[in-house]
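*Asks:*
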Amino acid sequence: MRFRVRYRGHREVEATIAHDSLTIGSSGQTATQLPLRVRDAEYRFDPGGVLEVPLHHIRS
12 MRFRVRYRGH REVEATIAHD SLTIGSSGQT ATQLPLRVRD AEYRFDPGGV LEVPLHHIRS
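So this is what it looks like as structure tokens:
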């Protein structure tokens, strides 16, 4: 699944969700880092950068 959103002044943030990973990228020109939280882990990534987070399955 892939989608784009506007977030806090960032013109375009693109998210791609695959079976085993979440990839976030920004083409924005702003100087602020973007926060991201996946389950209990917190991440930050730079504008114009890309962050890939592995998705681990929780077994019950």
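The opening residue of the sequence shown carries number 12 in this note's numbering; numbering runs sequentially from there. Cβ coordinates follow ideal geometry from the N, Cα and C atoms, glycine included.
Find the nearest neighbour of HIS30 within the set ALA52, VAL49, VAL61, MET12, judged by alpha-carbon distance.
*Replies:* That would be MET12, whose Cα lies nearest to the Cα of HIS30.
*Asks:* Reducing DSSP to helix, strand and coil, say where LEU34 ends up.
*Replies:* Before going on, a small fix: residue 34 reads as Thr here, not Leu. It is a strand residue.
*Asks:* Going by C-alpha distance, which of SER32, LEU45, LEU33 is nearest TYR18?
*Replies:* Measuring from the Cα of TYR18, the nearest candidate turns out to be LEU45.
*Asks:* Measuring alpha carbon to alpha carbon, tell me which residue in HIS67, PRO58, VAL64 is nearest SER38.
*Replies:* Answer by Cα proximity: PRO58.
*Asks:* Taking all protein chains shown into account, decide if ILE35 is buried (16 or more other Cβ within 10 angstroms of its Cβ) or exposed.
*Replies:* When all chains shown are included, ILE35 counts as buried.
*Asks:* Just how far apart, CA to CA, sit TYR54 and GLU63?
*Replies:* C-alpha separation (whole angstroms): 10 Å.
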